[in-house]
Amino acid sequence: MSRALWLLILSLFSLTFTLSASSSSWGSRSILRAVNTDNADVHDYAVELNATNFDEVLRDTPASFAVVEFFAHWCPACRNYKPHYEKVARLFNGPDAVHPGIILMTRVDCASKINTKLCDNFSVGHYPMLFWGPPSKFASARWEPTQTKSDIRVIDDGRTADRLLSWINKQTGSSFALDDQKFENEHLSSNVSDPGQIARAVYDVEEATSTAFEIILGHKMIKSNTRASLVKFLQLLVAHHPSRRCRKGSAEVLVNFDDLCPLDMWSADRQEDQDVQAALGNFQICGRDVPRGYWMFCRGSKNDTRGFSCGLWVLLHSLSVRVEDGESNFAFTTICDFVHNFFICEECRRHFYDMCSSVSTPFNTSRDFALWLWSAHNKVNERLIKEEASLGTADPKFPKMIWPLRQFCPSCYLSRSQKNDGIEWDQDEVFKFLKEYYGKTLVSLYKDKGINGNDGTNRVLEDLVPSTNAIVVPLGAALAVAVASCAFGALACYWRSQQKSRKYFHHLRSLKNI
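For the sequence shown, the positions run 1 to 514 when the working numbering is used.
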């Protein structure tokens, strides 16, 4: 066979591999998920990256640390090392990870031409070569062997699974073991003792938002009598969600909602209803990497505890401390209606709506609303404490409790903490704690990464939803939307005409600033 023909074959092989790598699906559930190979019995837990997604994945991952393995697919030593690497990756990556969200285990194939420059940037001199560091530090980074100060380090003792995990344990002060099983995680108890752990919940808030949207669409819950409730909740998310990518995604859904879900759609046949739900499903309300398929702060010690319900509570509390005084009653009615119409747990939904119905006076301040939601959450916990104790269904590491704990907020408790068999609270101090805990602390990780800022959100909101956004319009109009649902049809028609005149595509480009 001629040398030219060999070169042609090699070029075709390289091109095929490159296209395969670059066209890999990085959908909403791809990061930290198991990847099926041609052998159905074999799973790759390590996430394979290439030059097209390397920066994005490592910049956006919620993991605290990352391991990057540079290898070549033709290298026999790399093939032999892969089972060792996968044993460790199993602990941290994938839907059944024992310790999710702590370390992102990745690999890059330097034999693929698309990755040549990327591997050069890290001075890869042998295969396999492993690096360790904060994920965001890898994005757009370079590494040289002569560097004396760098957040990225070479793993110099990771030639077997045991040695690699031992090296990781030394860096993190942990005691991970290769035989760890799911939900046996020594990090779980830290949620109770460290109030700063709530910062990790911002990723759970994104997860809960996306999961709620999936449930609504999956159960085809958008009906003529629930449509207005969803629109109002989307408005609240656009203005006050703690995650910028969820604000942006919610705005994209809201802008297109009238076209995809018109008021008269329920007069058509059932198939159109299904088509609309499918069309809305094409929107990823918190970005393409969410949901991730696991929980961090809200992870229980058992598979059926905490998770979505915890994430939803954190979302609601975070909204309650972000609204302004004039928005407080709109936020209250919006959240009550959303839970009533879209929370699929019947007993929980009914109990929450009963608490909403017991409120007879509109809220005038965000303080009153935030304290009501806090009190409602504690009432739910009081009920569940008794039920779970009698049935033995409580999470042993996360029992329900009245909150906040004294160790979180000593000033929230008055000097004589017991009064009429209950706790005597200093509500001013409780409100300060809620504002700090669900406000600044919750988004502190995002601030470190610079991806939560408003960056002109209010200006874009004014353009996007001029007639139905109760967050932007005067309070009277907000109350009209919230209370007089019979007028929603006229408002929606007006909003639709306004949106069309303002040219959707122009504003969608503006959404990059949210």
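Even glycine gets a Cβ: it sits at the ideal position worked out from N, Cα and C.
Local Cβ density within 10 Å of residue i, reported as buried at 16 or more and exposed below that
i, result
"H241", "buried"
"Q181", "exposed"
"A77", "exposed"
"I168", "buried"
"R79", "exposed"
"G27", "With a pLDDT of 39 at G27, under the threshold of 50, the predicted position of this residue should be treated as unreliable, and no value is reported."
"K170", "exposed"
"L464", "Per-residue confidence for L464 stands at a pLDDT of 37, beneath the threshold of 50, marking its modelled position as unreliable; the derived number appears in the next sentence. Buried: at least 16 other Cβ atoms inside 10 Å."
"K440", "exposed"
"C345", "exposed"
"T393", "exposed"
"L118", "buried"
"V253", "buried"
"Q407", "exposed"
"K220", "exposed"
"R227", "buried"
"Q427", "exposed"
"S193", "Low per-residue confidence applies at S193: pLDDT is 46, beneath 50, and the placement is therefore not dependable, though the value from the model is reported in the following sentence. The residue is exposed, with fewer than 16 neighbouring Cβ atoms inside 10 Å."
"R306", "buried"
"Q147", "exposed"
"C110", "buried"
"L391", "exposed"
"T211", "buried"
"K386", "exposed"
"N225", "exposed"
"G450", "Because G450 sits at a pLDDT of 49, beneath the cut-off of 50, its placement in the model cannot be relied upon, and the point is left open."
"W245", "A quick correction: the sequence has Arg, not Trp, at residue 245. Buried is the call here."
"P410", "exposed"
"P404", "buried"
Nearest residue (CA-CA) to residue i, options the options
i, options, result
"G101", "R299, S210, Y127, K137", "R299"
"L237", "K248, D60, E346", "K248"
"V443", "Q197, I152, V231", "Q197"
"D304", "V68, T441, D395", "D395"
"W425", "Y413, S328, K435", "Y413"
"H99", "K82, E69, S64", "S64"
"Y203", "V290, L217, V255, N329", "V290"
"C348", "D428, A370, N381, A139", "N381"
"S328", "I402, R306, N93, F363", "F363"
"I402", "G125, G392, S320, A376", "A376"
"T209", "T160, F257, K432, Q284", "Q284"
"D157", "I385, F131, R322, N93", "F131"
"Y516", "L384, H317, S357", "Summary: the structure shown does not reach residue 516, with the chain confined to residues 1 through 514, and so no result is reported for it."
"K432", "T334, N378, M355, V321", "V321"
"Y85", "L178, H126, L230", "L178"
"H73", "A66, H126, E56", "H126"
"N282", "S150, L217, C246, W295", "L217"
"A199", "S166, R244, P62, K223", "P62"
"E214", "A51, E436, S357, G293", "G293"
Endpoints, beta strand (DSSP E) assigned at residue i
i, result
"F109", "Note on residue identity: the sequence assigns Asp, not Phe, to residue 109. Counting along the chain, the beta strand (DSSP E) containing D109 begins and ends at 103-109."
"I423", "422-425"
"G133", "129-133"
"L405", "Run containing L405: none; DSSP gives neither H nor E here."
"E48", "47-49"
Limits of the unbroken alpha helix (DSSP H) element including residue i
i, result
"L319", "308-320"
"I215", "201-218"
"F65", "Looking at the DSSP string, F65 is not in any alpha helix (DSSP H); the run it does join, the beta strand (DSSP E), is 65-71."
"V231", "227-240"
"H84", "76-92"
"R367", "366-391"
"N303", "No alpha helix (DSSP H) contains N303, which DSSP labels as neither H nor E."
"K117", "116-121"
"M355", "346-357"
Nearest-angstrom Cβ-Cβ length linking residue i and residue j, presumed shorter than 8 Å
i, j, result
"S366", "D325", "5 Å"
"W143", "I152", "5 Å"
"L164", "P135", "With a Cβ gap of about 18 Å, L164 and P135 do not count as contacting."
"A139", "L58", "5 Å"
"C261", "L280", "7 Å"
"E388", "C286", "Rounded, the Cβ-Cβ distance is 30 Å, inconsistent with contact."
"A370", "L434", "5 Å"
"V359", "W372", "7 Å"
"A46", "N93", "6 Å"
"F69", "P128", "Per the sequence shown, residue 69 should be read as Glu rather than Phe. E69 to P128, Cβ: 5 Å. Contact."
"A66", "G133", "6 Å"
"T361", "F233", "Contact doesn't hold; Cβ gap of about 23 Å is too wide."
"V124", "F54", "At roughly 13 Å, the Cβ-Cβ gap does not stay under 8 Å, so V124 and F54 are not in contact."
"L384", "K400", "5 Å"
Min CB distance residue i to chain C below 8 Å
i, result
"N169", "Structure shown: chain C not included; a single protein chain is present."
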